[in-house]
Amino acid sequence: MRHMPNLDIQVYPEISAPERVEAVLLWQHPKGILREFPNLKLICSMGAGVDHILSDKDIDPSLPISRVVDKGLTNPMTNYVLMGILAYQRQLSRYQNNQKTKTWDMSNPELDITVGVLGVGALGGDVVKKLQVLEVPVLGYGNSPKNVSSYPYYYGTQLQDFLDKVNVIVCMLPLTDKTTGFLNIDFFRSCRKGTYLINVARGSHLVEEDLLTAISEGCISGAMLDVFRQEPLPKEHPFWETPEITVTPHIASVTNPDAAVPQILENYNRIKSNKPLLNTIDRNLGY
């Protein structure tokens, strides 16, 4: 490794000396394998999410878990979300269909939208900020209170008040036990009729069959989805054939090794010298 040439790196499953492993870098690891490392001191996620780590119930609860924090993750994610919002607002799919039928229709070229962002951490907060620059009305919703004054913010039991005011919803929630299946039929039926959904968080936030029901009922007008419960999305999945749904293959934001590696090595050096770690998560919150 060019950043630390003398570092001993072992790649699973070819671990020759598990007792020498002090830090692990994970993404969707086989559950239970960390029990093989008796001297483990640090767990690092390859990305911003840590739900794939917290779902492993065999992990020692005293072990610190860090994640990647990178503007290189934030900007692509925000740009993807803005693309989805603006394409919906300016009815891009309508004009693509009109082109196929050679239809010239200048009526109602722009929809009146108010965007609601579910989860306003580093990524969701950046979406809010950039929507404000575009002068698009935007609200935020989260699990706990926040001291914010630049946009309306709702939390906890205020979900219905939030849903009553928005007609485009962007899911950027962390995946926890509490948020798994958050986007379900009860949620969709609580939305304003014809609300549009963008999900860039995790596939497990969405009850996929409920979205199809909500579209058929008119609760949801359509969706742009970048994450799914099973990836790659199976070829027989109905989302492929649902015209109201746009499918992209989990490309909204991809970890940049040049940004991630220095953070991981910095934390590795910090555990060696007993210094406070960077970008650790709160296990109780799940992020």
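Everything in the sequence shown is counted per the numbering used here, starting at 741 for the first residue and increasing by one. Glycine is no exception: its CB is placed at the ideal position from the N, C-alpha and C atoms.
| Query | Result |
| --- | --- |
| Less than 8 Å between the beta carbons of D901 and Y894, yes or no? | yes |
| Tell me the rounded alpha-carbon separation between Q898 and V878. | 16 Å |
| Which residue's Cα is closest to the Cα of H769: L794, A788, E759? | L794 |
| Could you tell me the boundaries of the alpha helix (DSSP H) in which G812 lies? | 811-829 |
| Between Y891, W767, E1006, which has its C-alpha nearest Y752's C-alpha? | W767 |
| Let me check one thing: in DSSP terms, what residues is A1029 bridge-paired to? | Summary: the structure shown does not reach residue 1029, with the chain confined to residues 741 through 1027, and so no result is reported for it. |
| Give a yes or no on whether the C-beta atoms belonging to A941 and L915 are separated by under 8 Å. | yes |
| List the DSSP bridge partners of A963. | L937, I985 |
| Going by the CB atoms, is the gap between E776 and I755 shorter than 8 Å? | yes |
| Give the range of the beta strand (DSSP E) segment to which I955 is assigned. | Per DSSP, I955 belongs to no beta strand (DSSP E); it is in the alpha helix (DSSP H), 948-957. |
| Does the Cβ of G896 have 16 or more other Cβ atoms within 10 Å, making it buried, or fewer, making it exposed? | exposed |
| State whether the stretch 1012-1019 contacts the stretch 973-986, with contact taken as three or more CB pairs (one from each stretch) at a distance under 8 Å. | no |
| For V808 and A862, which I take to be in contact (beta-carbon distance under 8 Å), what is that distance rounded to the nearest angstrom? | About 11 Å; that fails the 8 Å criterion. |
| Does S802 pass the burial test, meaning 16 or more other C-beta atoms within 10 Å, or should it be called exposed? | exposed |
| Helix, strand or coil for I749? Go by DSSP, reduced to three states. | coil |
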